[in-house]
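Written out below as structure tokens is the structure these notes cover.
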Amino acid sequence: NAGVMQNPRHLVRRRGQEARLRCSPMKGHSHVYWYRQLPEEGLKFMVYLQKENIIDESGMPKERFSAEFPKEGPSILRIQQVVRGDSAAYFCASSFLDRVNYGYTFGSGTRLTVV
Amino acid sequence: AQTVTQSQPEMSVQEAETVTLSCTYDTSESNYYLFWYKQPPSRQMILVIRQEAYKQQNATENRFSVNFQKAAKSFSLKISDSQLGDTAMYFCAFMKPGNKLVFGAGTILRVKS
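Residue numbers (the working numbering), protein chains in the order written: chain D, 4 to 118; chain S, 23 to 135.
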């Protein structure tokens with residue numbers, strides 16, 4: 004039973020390009036969470052999705068960032084027109100709804116570097 | 023809004039000794055959950071231990087235990103018989119039922135041989 008899979012592990016983008024980060028939840032998990040970790044900081048919540056629905060996007064920047072979790076396929080975090088301040092590690096986690104209080108299962112993260 | 027504070031940016035401990043990492047939180051909720059996560063250099067987030075606020079008994083997982091003081095809103099992690107593999111960043115986190123995790127800024131723990 005594979006864990007939460009994130010790819011790519013490392014992503015380098017030039018300023019102004021688009022970044023697409025992928026997350027495949029654990030088998031049977033239908034809830035996905037995205038977190039961002041800036042250097043020397045803890046993880047900050049970005050967005051919570053269920054299949055085809057955004058449940059809570061209170062942590063998402065208002066511009067350039069979007070997330071989806073389609074009926075088929077992985078969840079995607081998309082950052083348009085990246086800037087240097089977007090450089091961070093982006094973590095995805097997944098859970099069963101009724102097990103969420105047991106803590107999430109995290110992926111290994113995608114480290115985005117904007118040059 | 024809930025906040026989580028880890029007041030120790032860095033800690034060191036000798037191998038085989040015991041170390042305690044501090045965490046305090048602020049909430050008006052009465053029912054919630056607390057967690058400690060470990061992040062080694064590989065960057066993987068690993069759940070170490072979990073505590074339910076309605077349980078008075080402190081959680082333990084092998085060498086890891088917590089001291090949960092609900093009235094003081096304190097949730098410290100004790101690591102006994104420290105091992106080199108315990109070297110990592112440790113994050114304290116808070117969750118209301120059904121809601122998102124709120125993390126502290128983390129404590130870097132270095133275990134020395």
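All C-beta atoms in this analysis are idealised placements derived from N, C-alpha and C, irrespective of residue type, glycine included.
- Only residues of its own chain outside the window of five on either side were considered, and among them R72 and A115 have a CB closer than 6 Å to the CB of S:F57, listed in chain order.
- Annotated three-state conformation of D:Y51 is strand, per DSSP.
- In this structure, S:K118 lies near S:Y54, with their beta-carbon atoms less than 8 Å apart.
- For D:Y93, the enclosing beta strand (DSSP E) covers residues A91 to S98.
- The beta-carbon separation of S:F113 and D:G45, rounded to 6 Å, stays under the 8 Å limit for a contact.
- Interface criterion not met: the Cβ of S:K95 is under 8 Å from no Cβ in chain D.
- D:G76 is outside the set of residues whose beta carbon lies under 8 Å from a beta carbon in chain S.
- Under the three-state reduction of DSSP, S:D108 is assigned to helix.
- In this model, D:Q53 and D:S98 are separated by some 10 Å (Cα to Cα).
- With a contact defined as Cβ atoms closer than 8 Å, D:Q20 and D:V85 qualify at about 6 Å.
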